[in-house]
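All the letters of the sequence shown, read from the start, carry residue numbers 956 to 1452 under the working numbering.
The next block holds one structure in the form of structure tokens; read it before the comments.
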Amino acid sequence: MKAVMPILAIVLLLCFTIAPIPPSILMTFLVGATLLIIGMLFFNVGVELSMTPIGERTGSVMTKSKNLLIVIVVSFVMGFVITISEPDLQVLAEQVPSIPNINLILAVAAGVAIFLVIAILRMLLSIPLSYLLLLFYVIIFALTPFVPKAFLSVAFDSGGVTTGPMTVPFIMAFGIGISAIRNDKHAADDSFGLVSMCSIGPILAVMLLGIIYTPESTEQVSDSIPSIANTVDLWKLFSKELPTYIHEIAISLLPIVVFFTIIQLIVRDINKSTIIKIVIGIVYTYIGLVLFLTGVNVGFMPAGNYLGTIIAGLNYSWIIIPIGMLIGYFIVKAEPAVFVLTKQVEELTDGAISSKAMGTALSLGVAASVGLAMTRVLTGISILWFLIPGYFIALVLTFFVPKIFTAIAFDSGGVASGPMTATFLLPFAMGACDALGGNIVADAFGIVSMVAMTPLIAIQIMGLVYRIKDTKLHKELASQADQVALASYGDMEIIEL
């Protein structure tokens, strides 16, 4: 309720003031919001009961085998299969012109799988994350001159949408399970960073696709605006789409269930009560994701699209920037994977990095990114004017903040750009771009990548503040210790006299 109600309030305020929308779209939005709340409830409970223990268990068992080939093969297969079934990727693929959906999905899945292997090897070999991030982002920006301008935004967006509600909980727990085998002092720091590495692969893969396929610009906006005459039509709209997500999420969960079953049959060291709890958690996760994705895709997407069109069509269209920032601030709180990340960060740092502080930093970062994205929609400025300075600042900060903050920051970027961004903010930008007569592929796409970029800076700034305060505290403690030592020395002199 805390996550969704602010978004609901903002949209209703806009609907009854400057951006009137048809009652049919408003009703689908309200029903979608209800499904979203119920879905998030089931999903969060289900992840706690099932996805986290499954991921940790798979990671630890795989590492204990001490067979590098097994580690590489299992990591690649898991990364590939889970990404193919990621709902966010399906949403993006359907909105991208000129490249067949299956080609885009397979390329992105291969990119995630390869970089998941690289991320696992980095953990096992204790290679600093900042070095690899610097190397691969230099390669990415070196390729940009060869990628068609209209396709750059899609390439960077793909890195954000692939780390969604299906992949993030499993990949993060997977990393925690692997790091638990290590006994060195940097094991906890290295438990994060998998999501950030898995976000790089899709960008490179789609950039290569952009070089192969010449994308055509498109002026078409998603035709997801429904026409509803009565409540029966409203029910038919949701009931028609529900089986699609029932099928999609079943496919998404199946690989994880199969892998865990195989591991359990081989190892056989989990008691019956734990298995029952995991099965119940999988059912909860399944119900939650079905309701959540039905709500956001059927209810939120048309509302976002229509609102963007209406607001951008006003005489004072600049107002879309502060409105977008306000929506961005609150919408990240409704991302299901953000809940997973902030909770795991708080647990692994023993409360040193609180979920509240993480949430505030992410909200501020996303608000800034949506404001910049709306500026792009209004002006048509190339996305590189934002991404190159942004990633430069983020990569420079990696050398000045504690390692764990770097890993958490780059993970946060992928986590923040989930289904809420893909199904509300992206249609919002597309609707605005259409109303202004801009190039949708070049100007509207890119909002996901902007949302994925700013948390890298926001969380690392939080880490920089943490380091400064920590250094100051250590100096104060050292000073007090010196004073105590001097006082004790004076007392000893008096005793001697």
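A virtual CB, placed ideally from N, CA and C, is assigned to each residue, including glycine.
When Val1150, Gly1259 and Gly1156 are compared against Ile1363, the one with the closest alpha-carbon | Val1150
Compute the Euclidean distance between the alpha carbons of Asp1112 and Ile1402, then round it to the nearest angstrom.
-> Rounded to the nearest angstrom, the two C-alpha atoms are 7 Å apart.
Beta carbon of Thr989, beta carbon of Pro1257: below 8 Å?
-> no
For Asp1437 and Ile1155, the rounded distance between their alpha carbons = 49 Å
Going by other Cβ atoms of all chains shown within 10 Å of its Cβ, with 16 needed for buried, is Met1152 buried or exposed?
-> buried
Output the distance between the C-alpha atoms of Ile1201 and Ile1237, rounded to the nearest integer angstrom.
-> 14 Å
Secondary structure at Ser1172, three-state DSSP: helix, strand or coil?
-> With a pLDDT of 46 at Ser1172, under the threshold of 50, the modelled position of this residue cannot be trusted; read the value that follows with caution. Note: Ser1172 maps to coil in three-state DSSP.
Does the pairing of the region 1325 to 1345 with the region 1121 to 1132 give three or more beta-carbon distances under 8 Å?
-> no
Find the nearest neighbour of Lys1424 within the set Ile1054, Gly1250, Ile992 and Ala1307, judged by alpha-carbon distance.
-> Ala1307
Distance between beta carbons of Ser1005 and Ile1133, contact taken as under 8 Å = Contact flag wrong, Cβ pair sits at about 19 Å.
Cut-off 7 Å between Cβ atoms - residues of its own chain near Lys1298, not counting five sequence neighbours on either side = Excluding positions up to five away in sequence, the list reads Ser1310.
Measure from the alpha carbon of Ile1275 to the alpha carbon of each residue in Leu1248, Ser1404, Ala958 and Gly1386, then state which is nearest.
-> Gly1386
7 Å CB neighbourhood of Gln1175 in its chain, flanking five on each side removed | With a pLDDT of 45 at Gln1175, under the threshold of 50, the modelled position of this residue cannot be trusted; read the value that follows with caution. Answer for Gln1175: no residue qualifies.
Just how far apart, CA to CA, sit Leu1244 and Phe1379?
-> If I take the Cα positions, the gap works out to 17 Å.
How many angstroms separate the CA atom of Thr1343 from the CA atom of Lys1232?
-> According to the sequence provided, residue 1343 is Ile. The question's Thr does not apply to it. Near 46 Å, if we compare the C-alpha coordinates of Lys1232 and Ile1343.
Just mark Ile1230 as buried or exposed, buried being the case when its beta carbon has 16 or more other beta carbons within 10 Å.
-> exposed
Note down the Cα distance separating Ile1057 from Leu1044, rounded to an integer number of angstroms.
-> 11 Å
Excluding five sequence neighbours on each side, which residues of the same chain lie with their C-beta closer than 7 Å to the C-beta of Ile1225?
-> Gln1219
Buried or exposed for Glu1302, please, with buried defined as at least 16 other CB atoms from any protein chain shown within 10 angstroms of its CB.
-> With fewer than 16 other Cβ atoms within 10 Å, it is exposed.
Nonlocal neighbours in the same chain, by C-beta distance under 6 Å from Met1417, ignoring five residues either side = Closer than 6 Å at the Cβ level, and outside the excluded window around Met1417, lie Ala1316.
Using the beta-carbon count (16 or more within 10 Å), is Lys957 buried or exposed?
-> exposed
Could you tell me whether the region 1186 to 1203 touches the region 1247 to 1255, using the rule of 3 or more Cβ pairs below 8 Å?
-> By the Cβ test, the region 1186 to 1203 is in contact with the region 1247 to 1255, since at least three Cβ pairs between them sit closer than 8 Å.
For Phe1035 and Ile1094, the rounded distance between their alpha carbons = Between the C-alpha atoms of Ile1094 and Phe1035 there is a straight-line separation of about 22 Å.
What is the residue span of the alpha helix (DSSP H) that Val1016 lies within?
-> Thr1007 to Lys1019
Reference Leu1281, options Met1329, Gly1268 and Thr1249, closest by Cα = Ranking the options by Cα distance to Leu1281, first place goes to Met1329.
Is it right to say Gly1392 is buried, meaning 16 or more other beta carbons lie within 10 angstroms of its own, or is it exposed?
-> exposed
Could you spell out where the alpha helix (DSSP H) holding Ala1292 opens and where it closes?
-> Pro1291 to Leu1303
Given Leu1411 as reference, the closest of Leu967, Lys1427 and Ser1318 once Cα atoms are compared | Ser1318
Straight-line gap, Ile1395 to Gly1259 (C-alpha atoms, nearest Å) = 15 Å
From Gly901 to Ser1367, what distance separates their C-alpha atoms?
-> There is no way to answer for residue 901, as the model of the chain reaches only from 956 to 1452.
Given Leu1098, which residues of its chain have a CB within under 6 Å of its CB, disregarding the five upstream and five downstream residues?
-> For Leu1098, where only same-chain residues beyond five positions count, the Cβ hits under 6 Å are Met1162.
Please determine, among Gly1326, Ile1286 and Met1408, the residue with the shortest C-alpha to C-alpha distance to Leu1350.
-> Closest option to Leu1350, Cα to Cα, is Met1408.
Would you kindly check if the distance between the Cβ of Gly1115 and the Cβ of Val1406 is under 8 Å?
-> Between Val1406 and Gly1115, the C-beta gap is smaller than 8 Å, which places the two residues in contact.
Presumed contact (8 Å Cβ cut-off) between Gln1415 and Thr1361, rounded CB distance = 6 Å
In the DSSP assignment, find the alpha helix (DSSP H) that holds Thr1315 and state where it starts and stops.
-> Ser1310 to Thr1334
Looking at C-alpha atoms only, which residue of Val1026, Tyr1241 and Tyr1271 is the closest neighbour of Ile1206?
-> Tyr1241
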